[in-house]
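What follows is a single structure, written as structure tokens, with notes after it.
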Amino acid sequence: MDRHRSRRNKLHRAVKKAGAEALLVTNFTNVTYLTGFTGDDSYLLLHADGEVVLSDSRYTTQLGEECPGVDMHIRSQGTTMLEAIAKVVKSAKIGRLGLEAESITLALRDKLAEKLSKVELAPTCGLVEQLREVKDRDEIARLRKAVWQAEKAFGVLRATLRPEKTEKQVADELEHQMRLFGSRNRSFQSIVAAGSRAALPHAVPSDRRVGESDFILVDWGADEGLYRSDLTRVLVTGKISAKFERIYKLVLAAQAQAIAAIRPGAVCQDINRTARRVIAKAGFGRYFGHGLGHGLGLDIHEAPRLAAKIETALKPGMVVTVEPGVYLRGWGGVRIEDDVLVTRDGHEVLTHVPKKLEELIIR
Ligand code: GLY
Ligand code: MN
Ligand code: MN
0 MDRHRSRRNK
10 LHRAVKKAGA
20 EALLVTNFTN
30 VTYLTGFTGD
40 DSYLLLHADG
50 EVVLSDSRYT
60 TQLGEECPGV
70 DMHIRSQGTT
80 MLEAIAKVVK
90 SAKIGRLGLE
100 AESITLALRD
110 KLAEKLSKVE
120 LAPTCGLVEQ
130 LREVKDRDEI
140 ARLRKAVWQA
150 EKAFGVLRAT
160 LRPEKTEKQV
170 ADELEHQMRL
180 FGSRNRSFQS
190 IVAAGSRAAL
200 PHAVPSDRRV
210 GESDFILVDW
220 GADEGLYRSD
230 LTRVLVTGKI
240 SAKFERIYKL
250 VLAAQAQAIA
260 AIRPGAVCQD
270 INRTARRVIA
280 KAGFGRYFGH
290 GLGHGLGLDI
300 HEAPRLAAKI
310 ETALKPGMVV
320 TVEPGVYLRG
330 WGGVRIEDDV
340 LVTRDGHEVL
350 THVPKKLEEL
360 IIR
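Just so we're aligned, residue 0 is where the sequence shown starts under numbering that gives the first Met the number 0, counting upward by one.
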């Protein structure tokens with residue numbers, strides 16, 4: 000059976016379990032996951048007797064090519080999406096319609112309530128996102144490809160880095176290289192932050208020249224077409240101060256301990272705590288302000304998150320980032336990020352860019 004069909008079958012069961020007769024999938028990434036369709040502005044209605052993609056004529060051909068087995072309802076020019084949904088819901092005789100509460104707009108929900116006054120609207124959370132947590136073989140192969148593209152491009156960055164380049168030039172060149180290695184896009188806006196700017200966990204590349212500081216932080220990833228990679232490395236371009244060495248080795252040790260704890264059954268919040276404890280013990284706990292990591296796949300940030308209060312137990316096939324960091328305003332920051340696959344008996348680190356301090360010196 001094709002993989003999209005089998006995902007939809009699993010979702011049918013989850014919808015039933017959630018007490019709804021049907022689900023209106025309004026998150027475009029979820030529509031892609033369930034059908035293979037990569038366009039947007041299209042919803043999937045999944046009901047007891049089948050599934051139908053609600054779209055418009057811009058996508059008729061693309062839908063036919065990307066998800067040939069799926070019914071489509073192409074609304075005519077002048078017909079709104081609301082009217083299209085109402086028509087399909089009525090003809091499928093749906094009495095209780097599940098909605099994706101995390102993506103549907105309040106405006107559409109209210110209009111649906113008005114137009115479908117006899118239909119009960121039931122908010123649901125995370126039904127598709129939960130399925131997406133565990134990757135299949137094809138998804139893992141695509142993630143490996145996205146990692147490969149990002150790593151090859153980083154190799155070029157290392158070889159061509161010059162002090163006079165600005166953060167923005169480095170980021171633009173990195174993204175160009177990822178495309179030359181086959182990626183369709185960057186997986187998010189690359190971060191290239193020199194020296195004190197690395198204290199901003201999500202710094203936007205600026206006109207600062209990389210040679211003005213002793214180190215740069217690079218956080219980047221490739222989008223191979225659907226799936227995304229996400230890595231962070233710090234490169235040393237000048238002197239290694241005692242403070243830098245101490246913080247770098249601390250973050251590396253925290254990451255190593257967290258990665259070592261990744262295996263089926265391990266609970267996300269406990270892995271987060273493992274890394275946090277190492278950093279707190281050295282007195283830098285309050286300078287590690289974000290979660291330890293996140294799932295990645297079709298989205299750059301998806302479930303499960305490695306963070307406080309996340310009780311999800313890891314399963315084989317999940318892929319998460321592990322990215323502890325220490326950020327000191329006015330001085331800079333260190334984050335080290337790798338992508339890790341949960342395997343049947345432990346884990347596999349999918350990313351291979353060197354990260355020992357002595358391997359990061361490029362001056
Ligand atoms: N690049 C964003 C993150 O590491 O989560
Ligand atoms: Mn990142
Ligand atoms: Mn990340």
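Beta carbons are placed, not taken as given, at the ideal position from N, Cα and C, and that holds for glycine.
Asked                                                                                                                                                           : Found
Can T350 be considered in contact with ligand 3, in the sense that its beta carbon sits closer than 7 Å to one or more heavy atoms?                             : no
State the Cα-Cα distance for the pair I145 and R6, rounded to the nearest angstrom.                                                                             : Residue identity differs from the one stated: residue 145 is Ala in this sequence, not Ile. One C-alpha to the other measures close to 23 Å.
Does the contact criterion of 3 or more C-beta pairs under 8 Å hold for the stretch 101 to 110 versus the stretch 190 to 203?                                   : no
Can you name, in chain order, every residue of its own chain whose Cβ lies under 8 Å from the Cβ of K248, other than the five neighbours on each side?          : L356
Quick check: the Cα distance between S182 and G154, rounded to an integer number of angstroms?                                                                  : 15 Å
Between which two residues does the beta strand (DSSP E) carrying G49 extend?                                                                                   : 49 to 55
Under the rule that 16 or more other beta-carbon atoms within 10 Å means buried, what is E347, buried or exposed?                                               : exposed
Have a look at H351 and E172 and give me their C-alpha separation to the nearest angstrom.                                                                      : 21 Å
Would you mind listing the alpha helix (DSSP H) stretches within the stretch 236 to 294 that are 4+ residues and don't spill past its ends, in chain order?     : 241 to 259, 267 to 280
As a quick exercise: from L340, G324, R245, S54, pick the residue whose alpha carbon is nearest that of R262.                                                   : L340
To the nearest whole angstrom, what separates the beta carbons of G345 and L313, a pair I think is in contact under 8 Å?                                        : Between L313 and G345 the Cβ distance is about 10 Å, and since that is not below 8 Å, they are no contact.
Can you look up T123 in the DSSP assignment and give me helix, strand or coil?                                                                                  : strand
Quick one: is H201 buried, meaning 16 or more other Cβ sit within 10 Å of its Cβ, or exposed?                                                                   : exposed
In its own chain, which residues sit with a C-beta less than 7 Å from the C-beta of A149, not counting the 5 before and 5 after it?                             : M177, W219, G220, A221, S228, L230
So is Q254 buried or exposed if we call it buried at 16+ other beta carbons inside 10 Å?                                                                        : buried
Can you give me the start and stop residues for the alpha helix (DSSP H) that E64 sits inside?                                                                  : 59 to 65
Examine the Cβ distances between the stretch 95 to 105 and the stretch 120 to 128 and report whether three or more of them are shorter than 8 Å.                : yes
Please tell me whether D298 and T79 are closer than 8 Å, where the distance is taken between their beta carbons.                                                : no
Please check the pair Y226 and L130, which I expect to be a contact at CB under 8 Å, by giving their CB distance rounded to whole angstroms.                    : Wrong, their Cβ atoms sit about 15 Å apart, outside the cutoff.
Could you tell me the boundaries of the beta strand (DSSP E) in which T320 lies?                                                                                : 318 to 321
Kindly indicate the opening and closing residues of the beta strand (DSSP E) around G324.                                                                       : 324 to 327
Counting beta carbon pairs with one atom in the stretch 38 to 55 and one in the stretch 154 to 164, are three or more of them shorter than 8 Å?                 : no
Say the cut is 7 Å; is the CB of D206 nearer than that to a heavy atom of ligand 1?                                                                             : no
Can you find the residues in the same chain that come closer than 7 Å, C-beta to C-beta, to K242, ignoring five residues on each side of it along the sequence? : none
For S116, which option in E358, V88, H300, E128 has the closest C-alpha, if you only look at C-alpha atoms?                                                     : V88
Can you tell which of H11, K9, R12, S54 has the C-alpha that lies nearest to the C-alpha of T25?                                                                : S54
So does E166 have its beta carbon nearer than 7 Å to some heavy atom of ligand 2?                                                                               : no
Do you know how far the Cα of F287 is from the Cα of R207?                                                                                                      : 25 Å
For a test of the three-state rule: what should DSSP assign to I139, helix, strand or coil?                                                                     : helix
Locate the alpha helix (DSSP H) running through L33, then write down its first and last residues.                                                               : 27 to 34
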